[in-house]
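Just so you know, the sequences run in chain order A and B.
First residue of the first sequence: 16, per the working numbering; consecutive thereafter.
First residue of the second sequence: 37, per the working numbering; consecutive thereafter.
Using N, Cα and C, we set each Cβ at its ideal position, and we do this for glycine too.
Report on one structure; see the data block that follows.
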Amino acid sequence: MKKWLEPLSSAWVGVATHKLRSFLTILGIVIGVAAVIILMSIGRGAEKDIISRIESLGSDTIFISPGAMTFGGVRGAPGSADTITLEDAAAISQQVPYITAIAPTYSTSLQLVIGSQNMHAQVTGTTPEFQQVRNLDITNGIFLSEYDYQRGAKVAVIGSNVKETLFEGADPVGQQLRMGNNIVRVIGVLESKGAMMGSPDDIILIPLTTLQQMVAQPRTSRGERVISTIALTVSDREQASYVADEITSLLRSRHQLGPGVDDDFTITSMEEVVSMVSEMIGTLTLFLGAIAAISLLVGGIGVMNIMLVSMLERTREIGIRKALGARERDIWGQFLIEAIFLTLTGGIVGVIVGWVVSSVVSTMGLMTTVISADIVILAVSVSVGIGLFFGFYPAWNASRLNPIEALRSE
Amino acid sequence: MIRLQDITKVYPMGKRELQVLRGVNLYIEQGELVAIMGPSGSGKTTVLNLIGCLDTPTSGNYYLENREVSRLSSDELALVRAQKIGFVFQTFNLLPRLSALANVELGMRYSGGGEQNRALEALAKVGLSDRANHRPTELSSGEQQRVAIARALVKNPPLILADEPTGNLDSRSGEEIISILTCLHAEQGLTLLMVTHDPNIAHHCQRIIHFKDGQVVAEERV
Chain A
16 MKKWLEPLSS AWVGVATHKL RSFLTILGIV IGVAAVIILM SIGRGAEKDI
66 ISRIESLGSD TIFISPGAMT FGGVRGAPGS ADTITLEDAA AISQQVPYIT
116 AIAPTYSTSL QLVIGSQNMH AQVTGTTPEF QQVRNLDITN GIFLSEYDYQ
166 RGAKVAVIGS NVKETLFEGA DPVGQQLRMG NNIVRVIGVL ESKGAMMGSP
216 DDIILIPLTT LQQMVAQPRT SRGERVISTI ALTVSDREQA SYVADEITSL
266 LRSRHQLGPG VDDDFTITSM EEVVSMVSEM IGTLTLFLGA IAAISLLVGG
316 IGVMNIMLVS MLERTREIGI RKALGARERD IWGQFLIEAI FLTLTGGIVG
366 VIVGWVVSSV VSTMGLMTTV ISADIVILAV SVSVGIGLFF GFYPAWNASR
416 LNPIEALRSE
Chain B
37 MIRLQDITKV YPMGKRELQV LRGVNLYIEQ GELVAIMGPS GSGKTTVLNL
87 IGCLDTPTSG NYYLENREVS RLSSDELALV RAQKIGFVFQ TFNLLPRLSA
137 LANVELGMRY SGGGEQNRAL EALAKVGLSD RANHRPTELS SGEQQRVAIA
187 RALVKNPPLI LADEPTGNLD SRSGEEIISI LTCLHAEQGL TLLMVTHDPN
237 IAHHCQRIIH FKDGQVVAEE RV
């Protein structure tokens, strides 16, 4: 037998002698490792899912909204001030580089009448570029055109939820609805993006020029036309923060804000939202992994328990080996290899079980799961580490036995 | 080969101390075949353990091949055991899960290893070539002790220590074991020291050392 093989084979004899016991010990590690892998892969899957949904709204998008209105030193809710104007949007479009599309929007509540239904709803006026900025697809009909915008046409594009609520499943394209005192024709329906913050499913869009005809748009003290938000896309995602800085300085000078005065607007990039959300889910994933790691810890204690029992049972063997000239490190090496053998086997089987379970979960469509190499490497190395950590004490104990007393034990 | 000078050994027994060896002086030459006899509790097994480097004396000096070994660390003692000493025990002390051959191979494991052929040769010397793949439980007591002798011999140590090697055997197997040991001693010129109760066995040796109350009380040449 090769010399380096001997410790491995004695570890194997130790494990194989008590098959059921070794199996149960390994099972503890298998469950721990599999739990870590399954929970981590579910966490990673959820992260990927949510991020891709956010990105479908346009990851290279920047939103500008008004700041809070201040009444005698009391700050109101964000967005309550009338500080962003159509002229701001025009200036940004002309002066800030890397902008591919820009869509100012103005939202207001209007009375809608369709058939016998009568309600108030939020109507948003915007430009045709809104489609590109918000990454919208049309399921039915067409989007607002440049022609509609120039002419102030009385046409509307509606979100999928609005279609369900107002038209109860009937094809709305070509139908008419009353908006205030005007008759507006529906020309398109937006594809659903799923329920989430800022979803376009609940939106009713008309050309901004049309909305200006219907309602009196407020003006600022400088006579500029107030709008609700400006959404824009940049050509290069890397440049998003540069663009945001440029917009900030441009708007500060347009709004004549002196140094030391807070911005009267807020700039949010989708990039920031994505990184915030992914950080949040990452924390959650780590938390799930930590819970699973507790079962791994319990498995490790099981290994330690078995190694201590095994040491007691094999006291005589240790004495024999010592009499034959085994040094302390030969003895603890043997026990440590045995402990690592148990945990490594458990780790590898655990990875396989975890992998299978999370692929089954994924293919059954219950949840998206993502297994990456780092999780697998982490789980296997942690299981070996547990073998080292929990095997060390029994191994060290075994190596310190007095050979004479060890030989005398039964 | 072996020189003990004023060796004492004291075991703590709770609050009291138990003095097992009270100044032992002993000299054994290379190639001698020596028996140690004495009543139970006379310290003969303790002295064998000290000579076998399984234990260290409380005081006194022990020279093995002119090297003072009584103050060595446990790893240095392990190395001495691995290279110099072969043990034969009363209870055989074979590993029950291993075959006879694997048990013999274990004898070389800590002295640098060796070819399987050497283990087979050692088994042949004790007449067990055909039992190499049997487990200890499948062998008779006498055969088990012969495997243990092969295990002690396989690394060619200069010194063999046997603690009551025939104590667990019937008289016929005991005679067999003793004839194997004395043959090996005669053939290979190794030093052989055995502890025994049995005067018949002791009389196969060249010299008998009598122990009583932790001291050497008499020596006789056979």
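Spatially closest choice to residue i from the options, by CA coordinates
i, options, result
"residue 270(A)", "356(A), 102(A) and 55(A)", "102(A)"
"residue 423(A)", "341(A), 25(A) and 328(A)", "328(A)"
"residue 257(B)", "249(B), 250(B) and 238(B)", "238(B)"
"residue 450(A)", "311(A), 65(A), 159(A) and 292(A)", "Beyond the ends of chain A as shown, which are 16 and 425, falls residue 450(A); an answer cannot be given."
"residue 229(B)", "219(B), 197(B), 202(B) and 245(B)", "197(B)"
"residue 395(A)", "47(A), 123(A), 326(A) and 26(A)", "47(A)"
"residue 425(A)", "286(A), 76(A), 60(A) and 331(A)", "331(A)"
"residue 93(B)", "107(B), 103(B) and 193(B)", "107(B)"
"residue 417(A)", "55(A), 337(A) and 361(A)", "337(A)"
"residue 150(B)", "20(A), 194(A) and 75(A)", "20(A)"
"residue 427(A)", "66(A), 51(A), 107(A) and 324(A)", "Summary: the structure shown does not reach residue 427(A), with chain A confined to residues 16 through 425, and so no result is reported for it."
"residue 199(A)", "217(A), 292(A) and 128(A)", "128(A)"
"residue 26(A)", "241(A), 326(A), 75(A) and 383(A)", "326(A)"
"residue 65(A)", "294(A), 363(A) and 190(A)", "294(A)"
"residue 415(A)", "377(A), 344(A) and 30(A)", "344(A)"
"residue 143(B)", "160(B), 122(B), 162(B) and 59(B)", "122(B)"
"residue 67(B)", "231(B), 248(B) and 219(B)", "219(B)"
"residue 192(A)", "184(A), 304(A) and 131(A)", "131(A)"
"residue 289(A)", "174(A), 69(A) and 363(A)", "69(A)"
"residue 284(A)", "254(A), 24(A) and 382(A)", "254(A)"
"residue 242(A)", "302(A), 122(A) and 298(A)", "122(A)"
Closer than 8 angstroms to chain D by CB, residue i
i, result
"residue 333(A)", "Reference to chain D is not applicable here, since the protein chains of this structure are A and B."
6 angstroms CB neighbourhood of residue i in its chain, flanking five on each side removed
i, result
"residue 16(A)", "Caution applies to residue 16(A), whose pLDDT of 47 falls short of 50 and renders its modelled position unreliable; the value that the coordinates give is listed next. Closer than 6 angstroms at Cβ, skipping near neighbours: no residue."
"residue 152(A)", "206"
"residue 135(A)", "124 and 126"
"residue 155(B)", "137, 140, 141 and 190"
"residue 98(B)", "40, 105 and 106"
Cβ-Cβ separation, residue j to residue i (assumed contact under 8 angstroms), whole Å
i, j, result
"residue 209(B)", "residue 168(B)", "Going by Cβ atoms, the distance from residue 209(B) to residue 168(B) rounds to 20 angstroms, so no, they are not a contact pair."
"residue 118(A)", "residue 139(A)", "Not confirmed; about 10 angstroms, so no contact."
"residue 105(A)", "residue 245(A)", "Not really, about 10 angstroms apart at Cβ, beyond 8 angstroms."
"residue 72(B)", "residue 38(B)", "Rounded, the Cβ-Cβ distance is 12 angstroms, inconsistent with contact."
"residue 241(B)", "residue 90(B)", "Actually they are not in contact, since the Cβ atoms of residue 241(B) and residue 90(B) sit about 22 angstroms apart, beyond 8 angstroms."
"residue 200(B)", "residue 232(B)", "6 angstroms"
"residue 266(A)", "residue 401(A)", "So it is not a contact: roughly 56 angstroms between Cβ atoms."
"residue 426(A)", "residue 174(A)", "No answer is possible for residue 426(A): the residues shown for chain A start at 16 and end at 425."
Close-in-space but distant-in-sequence residues of the same chain around residue i (CB under 7 angstroms, 5 per side omitted)
i, result
"residue 251(A)", "113"
"residue 178(A)", "187 and 204"
"residue 225(A)", "140, 167, 168 and 169"
Same chain, Cβ closer than 8 angstroms to residue i, five either side skipped, listed in chain order
i, result
"residue 419(A)", "334"
"residue 42(B)", "59, 60, 61, 95, 96 and 97"
"residue 248(B)", "74, 75 and 78"
"residue 278(A)", "82, 263, 266, 267 and 272"
Residue i Cβ short of 7 angstroms to the ligand PLP heavy atom set
i, result
"residue 169(A)", "Inclusion of the ligand PLP in the displayed structure is not the case, the ligand content being empty and no account of it being possible."
(request) Assess, as a yes-or-no matter, whether the segment 246-264 of chain A is touched by the segment 104-116 of chain A under the definition of 3 or more beta carbon pairs within less than 8 angstroms. (result) yes
(request) Closer than 7 angstroms, Cβ to Cβ, to anything on chain B: give me those residues from the segment 30-51 of chain A, in chain order. (result) Here the close residues are 32.
(request) Residues of the segment 163-188 of chain B with a CB closer than 8 angstroms to any CB of chain A: list them in chain order, please. (result) 187
(request) Mind the definition here: the segment 401-415 of chain A touches the segment 316-324 of chain A only if three or more C-beta pairs lie below 8 angstroms; say whether that holds. (result) Verdict: yes, contact present.
(message) Please identify, using Cβ separations under 7 angstroms, the residues of the segment 352-370 of chain A that lie next to chain B, in order along the chain.
(response) The residues in question: there are none.
(message) Below 8 angstroms, how does it come out for the segment 139-149 of chain A and the segment 190-204 of chain A: are there three or more Cβ pairs, yes or no?
(response) no
(request) Return the residues of the segment 71-92 of chain B that lie within a Cβ-Cβ distance of less than 7 angstroms from chain A, sorted by chain order. (result) 85, 90 and 91
(request) Please confirm if the segment 361-379 of chain A is in contact with the segment 162-181 of chain B, defined as three or more CB-CB distances below 8 angstroms between the two stretches. (result) no
(request) For the segment 72-80 of chain B and the segment 218-227 of chain B, state whether three or more C-beta atom pairs, one from each stretch, are separated by less than 8 angstroms. (result) Three or more beta-carbon pairs separated by less than 8 angstroms are not found between the segment 72-80 of chain B and the segment 218-227 of chain B, which leaves the two stretches without contact.
(request) Determine contact between the segment 180-187 of chain B and the segment 116-136 of chain B, defined as no fewer than three beta-carbon pairs at a distance below 8 angstroms. (result) yes
(request) Scan the segment 229-249 of chain B for residues whose Cβ lies nearer than 9 angstroms to a Cβ of chain A and list them as they occur along the chain. (result) Those would be none; no residue qualifies.
(request) Give the residues from the segment 43-73 of chain B that approach chain A closer than 9 angstroms (Cβ to any Cβ), ordered along the chain. (result) Within the segment 43-73 of chain B, no residue has a Cβ that lies closer than 9 angstroms to any Cβ of chain A.
(message) If contact is defined by three or more beta carbon pairs under 8 angstroms, each pair taking one atom from either stretch, is the segment 35-49 of chain A in contact with the segment 302-316 of chain A?
(response) yes
(request) Count the CB pairs spanning the segment 52-72 of chain B and the segment 382-399 of chain A that are closer than 8 angstroms, and state whether there are at least three. (result) Touching, no.
(message) Under 8 angstroms: do the segment 23-41 of chain A and the segment 350-357 of chain A share three or more Cβ pairs, one atom per stretch?
(response) Because the criterion of three Cβ pairs below 8 angstroms is met, the segment 23-41 of chain A and the segment 350-357 of chain A touch.
(request) Take every Cβ of the segment 220-232 of chain A, pair it with every Cβ of the segment 56-76 of chain A, and state whether three or more of those distances are shorter than 8 angstroms. (result) no
(message) Taking contact to mean 3 or more Cβ pairs, one atom from each stretch, closer than 8 angstroms, check whether the segment 106-122 of chain B and the segment 339-346 of chain A are in contact.
(response) With a cut-off of 8 angstroms, the segment 339-346 of chain A and the segment 106-122 of chain B count as touching, because enough Cβ pairs lie within range.
(message) Three Cβ pairs or more, each shorter than 8 angstroms: is that satisfied between the segment 158-168 of chain B and the segment 135-147 of chain B?
(response) Cβ pair count under 8 angstroms is three or more, so yes.
(request) For the segment 335-349 of chain A, enumerate the residues whose C-beta is nearer than 9 angstroms to any C-beta of chain B, in chain order. (result) 335, 336, 337, 338, 339, 340, 341, 342, 343, 344 and 345
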